[in-house]
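First residue of the sequence shown: 13, per this note's numbering; consecutive thereafter.
Every residue, glycine too, gets a C-beta built ideally from N, C-alpha and C.
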Amino acid sequence: MPRPWSGKGRAGFAQTGDNGRPHTFHPHDHLPHMNDFNSVPLEFFQDYPVPGVNFIDVGCIFDNPEHWRLAIDTLHAATDGLHFDFILAMDARGFMIAGALALEHKVGFAMARKAGKLPGKAISIDYQREYGSATIEIQPERIKGQRVLIVDDVLATGGTIEAAASLLRQLGKEVVGAAALFDIAFFRDKRALTMPIVTLRDV
Numbered sequence: 013m014p015r016p017w018s019g020k021g022r023a024g025f026a027q028t029g030d031n032g033r034p035h036t037f038h039p040h041d042h043l044p045h046m047n048d049f050n051s052v053p054l055e056f057f058q059d060y061p062v063p064g065v066n067f068i069d070v071g072c073i074f075d076n077p078e079h080w081r082l083a084i085d086t087l088h089a090a091t092d093g094l095h096f097d098f099i100l101a102m103d104a105r106g107f108m109i110a111g112a113l114a115l116e117h118k119v120g121f122a123m124a125r126k127a128g129k130l131p132g133k134a135i136s137i138d139y140q141r142e143y144g145s146a147t148i149e150i151q152p153e154r155i156k157g158q159r160v161l162i163v164d165d166v167l168a169t170g171g172t173i174e175a176a177a178s179l180l181r182q183l184g185k186e187v188v189g190a191a192a193l194f195d196i197a198f199f200r201d202k203r204a205l206t207m208p209i210v211t212l213r214d215v
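Rendered as structure tokens:
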């Protein structure tokens, strides 16, 4: 049974140590380009998509090739120790990040999509996110690997990645962790995560 990880502390990488308890690796401390990535200007939209949400638009990373290269290089280095053989990308901004990261790691990736967006056989799950409920689904035949990393753009409550992890475990896959560019620190103490998490920057 997966063990919840509190996610407390700075954004970084938590994994289970020899004593069976999670410990945290902070990419901020030693990865190449980390200081450069932390200096990239970000864009926020207040009360989007619903009142009370301060939305980070990662398009400000994608539209600048230097920032985009910096993000992928840093995330590649931060996830190198997870030893995965496949990536599951979260709808929708996670697709771009996962695709680039999969090429760097020389693995394949599949998409977790909103309900009704995938052809053929799919399995689905309902879950709660920071501003309402949602449903995601995946195509079992597309999950080619056994050790899977989940990739998204932003980590908030963790509901999306936990839902994806539940689907993967239904298929008998091992979820080695999840990775995102940004961690919304406000939600950190509200999470009950069951996997190691890699994030690069608090917002």
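- Straight-line measurement puts the Cα of V215 at about 23 Å from the Cα of G111.
- Per DSSP, the continuous beta strand (DSSP E) segment holding E149 begins and ends at G144 to I150.
- For A83, the uninterrupted alpha helix (DSSP H) segment begins and ends at P77 to T91.
- With contacts defined as CB atoms closer than 8 Å, T91 and R141 fail to qualify as a contacting pair.
- Remark: three or more beta-carbon pairs, one from each stretch, lie closer than 8 Å, so the segment 101 to 121 and the segment 151 to 162 are flagged as touching.
- Distance from the Cα of A124 is smallest, within the candidate group N76, A134 and G71, for A134.
- The residue among I155, E153, E116 and A176 with its C-alpha nearest the C-alpha of T147 is A176.
- A204 is classed as exposed because its beta carbon has fewer than 16 other beta carbons within 10 Å across all chains shown.
- E186 carries a strand assignment under DSSP once its states are collapsed to helix, strand and coil.
- The beta carbons of L87 and D48 sit no closer together than 8 Å.
- The residue among E78, A191, D97 and A122 with its C-alpha nearest the C-alpha of S51 is E78.
- Between M108 and F74, the C-beta spacing is below 8 Å.
- Taking a 10 Å sphere around the C-beta of E174, we find 16 or more other C-beta atoms and assign the residue as buried.
- According to the DSSP assignment, G157 belongs to no alpha helix (DSSP H), since it is labelled neither H nor E.
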